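J.: Quick note on the working numbering: the sequence shown kicks off at 8 and runs consecutively.
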Amino acid sequence: MASGADRISDLPEGVLHHILSLLPAQDAVRTCVLAQSWRHHWRSAPAVRFAGCTGWAGGVYTFGPFVDGLLRARRGGAPLDSCDFDLDVDLDLGRYDVPKMERHVNGWIRRALRRQVRDLRFRVSVTPRLPCALEDRPLASEHLTRLELVGVKGNAGVLDFSCCPALEDLRMEDCDVGSTEMHSPSLKRLKIRYCLFYCNFRTGMSFPSLVSFEFITNAGRVPMLESMPSLETATVRFDHFYDDRCSNGRLDDCGDASCYGCLYYYAPDDYDCVFLEGLAEVTDLTLSAYPDLYVFIRDLEWCPAFSKLKTLVLSKWFVSDELSALSWFLHNAPLLEKLTLKPSKVRSNLMKTVESYKPLEQSIAASHLQIVEIICKDADEILLKILKVLKANGIPQEKIRIQCSARFKNFVSTEVQTE
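Put into C-alpha cells, the structure is as follows:
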C-alpha cells in the first residue's frame with residue numbers, strides 16, 4: 008500500500024494463524040521478523056508443516072535440531088489441529104547415523120501427540136529405500152482422530168491403536184507391517200496401500216467399528232480379518248506381490264514341503280476363513296486378484312453368507328475353479344442388486360481337488376439382481392462359461408450387459424442363440 012499501512016497485521020488472530028498454517032514451518036518461523044506483533048504468532052499456529060530435509064543446508068544434521076526446537080518452543084498450552092511431516096532423507100549424500108535419525112523421528116511423533124494433535128501425517132522417504140522403524144510401543148493420545156503413516160516400519164506396539172480412543176481414520180502406505188496383530192476399537196476408515204506384510208505369519212486385524220476399508224496392492228501374506236459388523240464399503244486388490252499362491256498350480260494344499268505358499272498357509276482350526284469372513288457384513292464390495300491367489304477360493308468353503316451385500320465387483324480371481332466363486336455369491340448374497348464381472352484368462356493347470364461349495368437348486372440373488380455387467384477384452388470361452396452360469400442360476404439375458412468390441416458382441420450373441 009502507498010500509505011505504508013500494515014493491513015495484514017490488523018487481521019484477526021485466527022486468520023493470521025490460518026495463513027501461517029499454510030506455510031512450511033521454516034517460512035512460518037521467518038515471519039517473526041516482519042514486525043513486533045508477528046514475533047510469536049508462529050508459536051501458536053494450529054497447524055505445522057515440516058517439509059524437506061534433504062534440501063536443507065546441512066541436511067538432516069540441521070533439520071533435526073530445527074524440528075526439535077520448534078516443537079519445544081510452541082506457546083504453552085497451544086494445541087495442534089494438524090502436524091504434517093513430509094521428509095526426504097538421502098543416505099547416499101553422506102554418512103548418517105540411521106538409529107539417530109529414527110530417534111529423532113520417534114521423538115517428533117511423541118512431542119506432536121503431547122501437543123494434543125488431532126491430525127498427524129508422517130511421511131518419510133529414505134534413499135536407498137529403508138523403512139524408518141518406529142518405537143515398539145503404543146501411540147497414546149485421547150485427541151488423535153486421523154493418522155497417516157508413509158515409509159515407516161511398525162511392530163506390535165505401535166500398531167496397537169487401542170490407546171487412541173478417538174482415532175477414526177488411518178492410512179498406511181509403503182510401510183512394513185511386522186506384527187501378528189493390528190487393532191483399534193474406534194477406527195472407522197482404513198486405507199492400506201503398497202505395504203509389506205511379513206511372509207512367515209499372518210497379521211490379525213481387528214477393527215470392529217470399521218465403516219470403510221481399502222486394501223490395495225500390498226505384498227506378503229494376506230492378513231486375517233476379524234468381523235466388522237459396521238462395514239459399508241470395501242475395496243480389495245491383490246496384484247503380483249503376494250505369497251499365498253501354490254508353486255504347483257493348486258488352489259488347495261499341494262502337500263509339497265518345498266512349496267512355500269502352501270507350507271506357510273496357516274489357517275488355525277478356530278479360524279478356518281482367513282479374509283472374506285471379515286467382509287461378510289459389507290454392502291458395497293470390490294474384490295480383485297489374480298486367479299492363482301487361493302485364499303479367496305479356500306475361504307468360500309467356510310465363509311458365511313453376505314447378507315447385506317448390494318453391489319459387487321469381481322475381477323480376475325473368480326474365473327478359477329470353474330467359476331465356483333461366481334455361483335457361490337449368487338447363492339449367498341440374497342440382497343445383491345448389481346454385479347460387475349471383469350474376467351481374465353486362467354492357466355489351464357490351475358485346479359482344485361475338492362469342490363469349494365455345494366450348489367443349491369436355485370439362486371437366491373436372482374430375485375433382487377437388477378443388472379449384471381460384464382467387462383472384458385475378449386469373448387473367449389471364459390465369457391461363454393460365465394453366461395452359462397448366469398443362465399443356470401436364473402439370471403435372464405435382458406439383465407446382462409456386456410462391454411466389449413462389436414465383433415465380440417456379435418460372436419457372443421451368436422453363441423448364446425445357438426444353445
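Note that the Cβ used here is the ideal one computed from N, Cα and C, for glycine as well. Computed from a predicted structure; not experimentally measured.
Where do the ends of the alpha helix (DSSP H) carrying R110 lie?
T.: Taken as a continuous stretch (DSSP letters only), the alpha helix (DSSP H) holding R110 covers V105 to R121.
J.: At 4 residues or longer, and completely inside the segment 246-305: list those alpha helix (DSSP H) runs for me, N to C.
T.: 267-270
J.: Can you give the Cα-Cα distance for D279 and D306, rounded to whole angstroms?
T.: 7 angstroms
J.: What span of residues does the beta strand (DSSP E) with S322 cover, start to end?
T.: Boundaries of the beta strand (DSSP E) around S322: T318 to K323.
J.: Could you check the C-alpha separation between A287 and M235 for me, to the nearest Å?
T.: 8 angstroms
J.: Relative to the C-alpha of R110, which candidate in D91, V74, Q123 and R136 has its C-alpha closest?
T.: V74
J.: Given this structure, state the Cα-to-Cα distance separating Q410 from E380, to the nearest angstrom.
T.: Q410 and E380: Cα-Cα distance of roughly 8 angstroms.
J.: Contact between the segment 251-270 and the segment 214-226: three or more CB pairs below 8 angstroms?
T.: no
J.: Could you check how far apart the C-beta atoms of A173 and H190 are, in whole angstroms? I think they sit under 8 angstroms.
T.: Actually they are not in contact, since the Cβ atoms of A173 and H190 sit about 16 angstroms apart, beyond 8 angstroms.
J.: Should R428 be labelled buried (16 or more other beta-carbon atoms within 10 Å of its own) or exposed?
T.: The structure shown does not extend to residue 428, since the chain is modelled only from 8 to 426, so the question has no answer here.
J.: Can you tell me whether S331 is buried or exposed? The criterion is at least 16 other CB atoms within 10 Å of its CB, across all chains shown.
T.: Its Cβ being crowded by 16 or more others within 10 Å, S331 is buried.
J.: If we count the other Cβ atoms within 10 Å of its Cβ and call it buried at 16 or more, is A399 buried or exposed?
T.: exposed
J.: Name the DSSP bridge partner or partners of D181?
T.: DSSP output for D181 lists no bridge partner at all.
J.: Are L141 and V105 closer than 9 angstroms when you measure CB to CB?
T.: When the beta-carbon positions are compared, L141 and V105 stay at least 9 angstroms from each other.
J.: Using the rule of at least 16 other Cβ atoms within 10 Å of the residue's Cβ for burial, across every protein chain shown, is S374 buried or exposed?
T.: exposed
J.: Distance, Cα to Cα, S186 vs W324?
T.: 27 angstroms
J.: For the alpha helix (DSSP H) that contains E380, what are its first and last residues?
T.: Careful: E380 lies outside any alpha helix (DSSP H), inside the beta strand (DSSP E) at I378 to I382.
J.: DSSP beta-bridge partners for F220?
T.: L197 and A241
J.: When we look at the beta-carbon of S322 and count the other beta-carbons within 10 Å, is it buried (16 or more) or exposed?
T.: Answer is buried; the Cβ neighbour count reaches 16.
J.: Quick one: what's got a C-beta closer than 8 angstroms to R79's C-beta in the same chain, skipping five residues either side?
T.: R118
J.: Could you have a look at A480 and say whether DSSP puts it in helix, strand or coil?
T.: Shown here, the chain extends from 8 to 426; a query on residue 480 therefore has no answer.
J.: Hey, out of L300, R408, Q404 and P350, whose CA is closest to I510's CA?
T.: The requested residue 510 does not occur in the structure, where the chain is confined to residues 8 to 426.
J.: Taking its Cβ as the centre, do 16 or more other Cβ atoms sit within 10 Å of F129, making it buried, or is it exposed?
T.: buried
J.: Under the rule that 16 or more other beta-carbon atoms within 10 Å means buried, what is P192, buried or exposed?
T.: Exposed: under 16 other Cβ atoms inside 10 Å.
J.: Please identify the residue among Y301, L348, E175 and A340 whose C-alpha is closest to the C-alpha of D328.
T.: Of the candidates Y301, L348, E175 and A340, the one whose C-alpha sits nearest the C-alpha of D328 is Y301.
J.: Run through DSSP, which three-state label would R79 get?
T.: helix
J.: Given L397, which residues of its chain have a CB within under 7 angstroms of its CB, disregarding the five upstream and five downstream residues?
T.: V379 and I407.
J.: On a CA-only basis, which of P311, C310, L292 and S314 is nearest T347? Give me that one, please.
T.: Ranking P311, C310, L292 and S314 by CA distance to the CA of T347 puts L292 first.
J.: What residues are listed by DSSP as bridge partners for R408?
T.: E380
J.: In whole angstroms, what separates the C-alpha of D240 from that of L77?
T.: In the sequence on display, residue 240 carries Thr and not Asp. Rounded to whole angstroms, T240 to L77 spans 40 angstroms at the Cα level.
J.: Distance check for V157 and Y249, CA to CA, integer angstroms please.
T.: Y249 and V157: Cα-Cα distance of roughly 20 angstroms.
J.: Could you give the distance in angstroms between the alpha-carbon of F70 and the alpha-carbon of K107?
T.: The straight-line gap from Cα to Cα measures roughly 13 angstroms.
J.: Going by the beta-carbon positions, is the gap between D176 and L154 smaller than 9 angstroms?
T.: In contact: D176 and L154 (Cβ atoms closer than 9 angstroms).
J.: Going by DSSP, what residues sit across from F5 in a beta bridge?
T.: The chain is shown only over 8 to 426; residue 5 falls outside these bounds and no answer can be derived.
J.: Mind reading off the beta-carbon distance from A296 to F245? Whole number of angstroms is fine, and I expect it under 8 angstroms.
T.: 4 angstroms
J.: Leaving out the 5 sequence neighbours to the left and right, which residues in its chain are closer than 8 angstroms to R209 when beta-carbon positions are compared?
T.: T187, R228, V229, P230, M231, Y273 and V281
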